[in-house]
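Have a look at the structure below, then the notes.
2 protein chains.
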Amino acid sequence: MAATLDFQQMLRGAALRVTRPRVAVLGAVQAHPHADTDSIIGAVRTELPEVSRQAVYDVLRALTVVGLVRRIEPPGTAARYESRVGDNHHHVVCRSCGLIADVDCAVGAAPCLAASDGHGYSIDEAEVTYWGRCPDCSTAGSS
Amino acid sequence: MAATLDFQQMLRGAALRVTRPRVAVLGAVQAHPHADTDSIIGAVRTELPEVSRQAVYDVLRALTVVGLVRRIEPPGTAARYESRVGDNHHHVVCRSCGLIADVDCAVGAAPCLAASDGHGYSIDEAEVTYWGRCPDCSTAGSS
DNA sequence: CCAATATTCTTGACTCATTCCAGAAAGCGG
DNA sequence: CCGCTTTCTGGAATGAGTCAAGAATATTGG
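Taken in order, these protein sequences are the chains called G and C. Quick note on our numbering: the first sequence kicks off at 1 and runs consecutively. Quick note on our numbering: the second sequence kicks off at 144 and runs consecutively.
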């Protein structure tokens, strides 16, 4: 759990200006992993009630570009963000409630990166999405 | 390359009514793999100029539900459809031009399905998206 | 082969996430 | 402390996709 000062350093390290909205967004993403944009806006507004929607969108994009947060976008859902970056981990998505959990790379370091036939593509990343049901929904057995 | 009669049988086999729009959509998806919805609408209209956008959306959804086509939705792009179903293959997406190619499963039958730690989820599918640059864009070296 | 019925298609309005724009308000370097 | 540049605010706009009501059209029993 990083503190405000850490966030400022992270921003400076990425050559980004340190602004209240940016620090707040960083904190919100860290406190709510896999949250969608609206949730992040809500979280940010608990400490900075005046931030605009666009500020959050802009900040999230800027942070994504420099690699301080990662954007994930499972089909059928709005974009979500997480602060765990640097390790290429993956996600399990519950088909029923949408809950997302982290999954470390399946077979060692960067296994799935080796496609059997890349058709001449130069591949630099493999993104895996697992689909299933979370413990709660498995037990409930509902749709 | 299946013919109209085959499409009719596929639809009947899935307990779907055989309608002109459905046959045309099935043909369009097969003729244009990885096409987005607008392209499919365009392709369908070359033989059935009057089909409505919603008809195509409805048909694509119906076909997806019964498993005659597969919907893929790489982050940052609109939904795309393909007719290759049944084998759980994956996709390479070019970061620069968006071109999509098929990739067979990396390590044998259904390798990536085995997450290292599923957090109690019951996983039934693993979807892999490879990111890179297609041969043309690699050569061009542009952004 | 034809009518009855349930599904499917057309038209048009609408939602939702996200982006674009112009002007006001900060950060940062000197 | 000052000016320049980037960032934030507020509002309008875009684009994919969905919803709803009525018209059209497949299938099924006669």
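The beta carbon of each residue, even a glycine, is placed where N, CA and C say it ideally should be. Just so you know, these numbers come straight off a predicted model, no measurement behind them.
- Cys97/G: not part of any beta strand (DSSP E); DSSP gives it neither H nor E.
- Non-local beta-carbon contacts of Val209/C in its own chain, meaning distances under 6 Å to residues more than five positions away in sequence, involve Ala157 in chain order.
- In the DSSP secondary-structure assignment, Glu268/C is bridged to Trp131/G.
- Checking the DSSP bridge columns, you'll see Glu225/C partnered with Arg213/C.
- Residue pairing by DSSP puts His234/C in a beta bridge opposite Asp245/C and Thr272/C.
- From the beta-carbon of Ile41/G, no residue of chain C is found nearer than 9 Å; the closest lies around 20 Å away.
- A straight-line Cα-Cα distance of about 7 Å links Ala55/G and Pro21/G.
- For the stretch 120-140 of chain G, the set of residues with a beta-carbon nearer than 8 Å to any beta-carbon of chain C comprises Gly120, Tyr121, Ser122, Ile123, Asp124, Glu125, Ala126, Glu127, Val128, Thr129, Tyr130, Trp131, Gly132, Arg133, Cys134, Pro135 and Ser138, in chain order.
- Inter-segment contact for the stretch 219-228 of chain C and the stretch 170-184 of chain C is present: three or more beta-carbon pairs are separated by less than 8 Å.
- Here Ala62/G carries a helix assignment [DSSP, helix/strand/coil].
- In this structure, the beta-carbon distance from Glu190/C to Ala167/C falls below 8 Å.
- Distance from the Cα of Glu268/C is smallest, within the candidate group Glu73/G, Tyr130/G, Ser52/G and Ala79/G, for Tyr130/G.
- Within the model, the alpha-carbon separation for Leu5/G versus Leu63/G is close to 17 Å.
- In the structure shown, the three-state DSSP call for Ala43/G is helix.
- DSSP, reduced to helix, strand and coil, places Ala31/G within a helical segment of the structure shown.
- Straight across, the Cα-Cα distance linking Gly120/G with Ala221/C is about 24 Å.
- According to DSSP, Asp179/C shares a beta bridge with Arg223/C.
- Rounded to whole angstroms, Arg12/G and Pro135/G show a C-alpha spacing of 41 Å.
- Using a CB distance below 7 Å, the part of the stretch 203-218 of chain C facing chain G consists of Glu216 and Pro218, ordered along the chain.
- Within a 10 Å sphere around the beta-carbon of Arg53/G sit fewer than 16 other beta-carbons, which makes this residue exposed.
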